[in-house]
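Written below as structure tokens is the structure these notes are about.
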Amino acid sequence: MQDVVYKDPEAKQNYDVDFTNILGDADTTLTGEVAVATKTDGTTDSSVIDTLSKSGLVLTVPLKAGADGEDYVIIIKATGNSSGLIGVASLEMRVRVEEIGNF
361 MQDVVYKDPE AKQNYDVDFT NILGDADTTL TGEVAVATKT DGTTDSSVID TLSKSGLVLT
421 VPLKAGADGE DYVIIIKATG NSSGLIGVAS LEMRVRVEEI GNF
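Using this note's numbering, you'd call the opening residue of the sequence shown number 361 and step up by one each time.
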């Protein structure tokens, strides 16, 4: 089951994916990392993902922007440097404006 993250359109937050249990034991780092966001209408939207970063087998996906009320499915892939195995993770990002207090 994929994780679900709620995010305000103005917020920027990181989502970490740990590929340790997905890739081979010999792998020490990731190669060929990619994250693709798809909107509910089936179109991709690169504006909601910032530059990926990695540390060992953990990939950090910075989530940003997004249209209020839109849901995005984000597919995250990375390859183990030694095994060549490809790990895949998915995330659902729901963008909602949070109204706090009475106006």
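For every residue, glycine included, the Cβ atom is placed at its ideal position computed from N, Cα and C.
Because the structure is a prediction, the values reported are computed rather than measured.
**Report entry** Buried or exposed (CB count within 10 angstroms, at least 16 for buried), Y465
**Finding:** With the chain running from 361 to 463 in the structure shown, residue 465 is simply not present.
Query raised in the report: Given S407, which residues of its chain have a CB within under 6 Å of its CB, disregarding the five upstream and five downstream residues?
Result: A425
Query raised in the report: First and last residue of the beta strand (DSSP E) that includes S415?
Result: Run containing S415: S413 to S415, per the beta strand (DSSP E) assignment.
Query raised in the report: Cα separation between V364 and I434?
Result: 10 Å
Query raised in the report: Alpha carbon to alpha carbon, how far is E430 from I436?
Result: 19 Å
Query - Reduced DSSP category for V396 - H, G, I as helix; E, B as strand; rest coil - result: strand
**Report entry** Closest Cα partner of L390 within the set V396, T404, V418 and I409
**Finding:** V418
Report task. Could you name the residues of the same chain whose beta carbon sits closer than 6 Å to that of D405, not counting the 5 residues immediately before and after it, in chain order? Result -> A397 and K399
Query - Residue nearest to A449 in terms of C-alpha spacing, selected from T420, A427, D428 and S415 - result: Selected option, being the one with the closest Cα: T420.
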